[in-house]
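J.:
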Amino acid sequence: MTKSANLGTTERSQMGEALLERRPFLRLDAIPVAPSLTPSQERGLCNARTLCEDDVPQLVRALVDHTLAAPTRNARLRPLFGPVNVSVLNRRRRVATEWLRAVLAGGLDEATLRQVGRSWLPQLTGAGPEPGAALALGRECFEYVRGAFAARLLDEPCDNLVPRALALDAVETVLRAHLRAFEAAQLG
């Protein structure tokens, strides 16, 4: 008999409440002003490009599949959606590729930020011309990309994790600037 099996019901319920305590999820926050990368972030971005450039096609496929599955996550809505049109799939893959390459290139210039907010993310989410419709799914895309880059950058053990942590910091800084541009474009 295990030790937990010997606990009384009140002790077990107190232990269960402690185990089910919700922790806050640290979501990506938008940067209030357009940043410029520090020299350490520039080096980190170079490391991120070296480590992740070959994985961009795989990340694109996963991101597009994630955005296409979003409307059908609700079981009641599944019958309303049919197979995906090839042109929609290709368009989303193209904009996802451009966006992920801009993230790895450190695209913080005004033209890139405008493209992210007004073209790439609205097309990737498939929200249409309605302002604000793409906001929830767009934020979800940012978290998905952030997690994918974190998984790729920290996927193997190494003696010194500082260069990889700097790479992740640089990618997150670029993503935060892109999120600010996207939210500004969606909220008007």
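Under our numbering, the sequence shown has 537 at position 166, and the numbering climbs by one with no breaks. From the three backbone atoms N, C-alpha and C, an ideal C-beta is built for every residue, glycine too.
1) Assign Glu469 to buried or exposed, taking buried as 16 or more other Cβ atoms, counted over all protein chains shown, within 10 Å of its Cβ.
2) Whole-angstrom Cβ separation of Gly535 and Asn418, contact assumed at under 8 angstroms?
3) Whole angstroms is fine: what's the gap from Asn461's alpha carbon to Val431's?
4) If we ignore side chains and look at the alpha-carbon of each, how far apart do Phe578 and Leu550 end up?
5) Helix, strand or coil for Asp400? Go by DSSP, reduced to three states.
6) Can you list the alpha helix (DSSP H) stretches of 4 or more residues lying completely in the segment 467-545, in chain order?
7) So, using beta-carbon positions, are Arg523 and Leu399 closer together than 9 angstroms?
8) Leaving out five residues on either side along the sequence, give the residues of the same chain with a beta carbon under 8 angstroms from the beta carbon of Asp426.
9) Return the first residue and the last residue of the alpha helix (DSSP H) that Ser411 is part of.
10) Can you give the Cα-Cα distance for Gln494 and Gly415, rounded to whole angstroms?
11) With DSSP run on the structure shown, which of helix, strand or coil describes Asn456?
12) Return the Cβ separation of Leu479 and Pro406 in integer angstroms, given the expectation that the two are a contact with Cβ distance under 8 angstroms.
13) Within its chain, find whatever has a CB closer than 8 angstroms to the CB of Leu422; leave out the 5 residues flanking it on each side and keep chain order.
14) Starting from Asp436 and walking both ways along the alpha helix (DSSP H), at which residues does that stretch end?
15) Determine whether the beta carbon atoms of Leu408 and Val516 lie at a separation below 9 angstroms.
16) Ignore the nearest five residues each way along the sequence and tell me which others in Val474's own chain have a CB closer than 6 angstroms to its CB.
17) Under the assumption that Phe553 contacts Val459 (Cβ atoms under 8 angstroms), give the Cβ distance between them as a whole number of angstroms.
18) Is it the case that the Cβ atoms of Gln557 and Gly518 are separated by a distance below 9 angstroms?
T.: In this structure, then:
1) Your numbering for residue 469 matches position 98 in the sequence shown. Looking at its Cβ environment, which holds 16 or more other Cβ atoms inside 10 Å, Glu469 is buried.
2) As a first step, residue 535 must be located in the sequence shown, where it is residue number 164. As a first step, residue 418 must be located in the sequence shown, where it is residue number 47. Looking at the sequence itself, residue 535 is Arg, so the reference to Gly does not match. The pair is a contact, with the Cβ atoms about 7 angstroms apart (cut-off 8 angstroms).
3) Mapped onto the sequence shown, residue 461 falls at position 90. Mapped onto the sequence shown, residue 431 falls at position 60. C-alpha separation (whole angstroms): 11 angstroms.
4) Nothing can be reported for residue 578, as the shown portion of the chain is limited to 372 through 559.
5) Working through the sequence shown from its first residue, we reach residue 400 at position 29. In the structure shown, Asp400 sits in coil (DSSP, three-state: anything other than H, G, I, E or B).
6) Taken in chain order, the unbroken stretches of alpha helix (DSSP H) that lie wholly in the segment 467-545 and span 4 residues or more are 481-486, 492-496, 506-524.
7) Locating residue 523 in the sequence shown gives position 152, counting from the first residue. Locating residue 399 in the sequence shown gives position 28, counting from the first residue. Between Arg523 and Leu399, the gap from beta carbon to beta carbon reaches 9 angstroms or more.
8) Taking the sequence shown and counting its residues from 1, one reaches residue 426 at position 55. Within the same chain, Asp426 has close Cβ partners Arg523.
9) Within the sequence shown, numbered from 1, the residue matching residue 411 stands at position 40. 410-423 is the span of the alpha helix (DSSP H), which, as asked, contains Ser411.
10) Translated into positions along the sequence shown, residue 494 becomes position 123. Translated into positions along the sequence shown, residue 415 becomes position 44. Those two C-alpha atoms are separated by around 29 angstroms.
11) Here residue 456 refers to the residue found at position 85 of the sequence shown. In this structure, Asn456 counts as coil in the three-state DSSP scheme.
12) Working through the sequence shown from its first residue, we reach residue 479 at position 108. Working through the sequence shown from its first residue, we reach residue 406 at position 35. That belief holds up - the Cβ atoms of Leu479 and Pro406 are roughly 7 angstroms apart, short of 8 angstroms.
13) By 1-based counting over the sequence shown, the position of residue 422 is 51. A distance below 8 angstroms between beta-carbons, with the five flanking residues on each side excluded, links Leu422 to the following residues of its chain, in chain order: Arg523, Leu524, Arg535, Ala538.
14) Here the question's residue 436 lines up with position 65 in the sequence shown. 427-440 is the extent of the alpha helix (DSSP H) around Asp436.
15) Within the sequence shown, numbered from 1, the residue matching residue 408 stands at position 37. Within the sequence shown, numbered from 1, the residue matching residue 516 stands at position 145. Annotated as distal: Leu408 and Val516, with beta-carbon spacing of 9 angstroms or more.
16) Numbered from its first residue, the sequence shown carries residue 474 at position 103. Result list for Val474: Val545, in chain order.
17) As a position in the sequence shown, residue 553 is number 182, starting the count at 1. As a position in the sequence shown, residue 459 is number 88, starting the count at 1. At roughly 20 angstroms, the Cβ-Cβ gap does not stay under 8 angstroms, so Phe553 and Val459 are not in contact.
18) By one-based count along the sequence shown, residue 557 stands at place 186. By one-based count along the sequence shown, residue 518 stands at place 147. Against a cut-off of 9 angstroms, the Cβ pair of Gly518 and Gln557 comes out as no contact.
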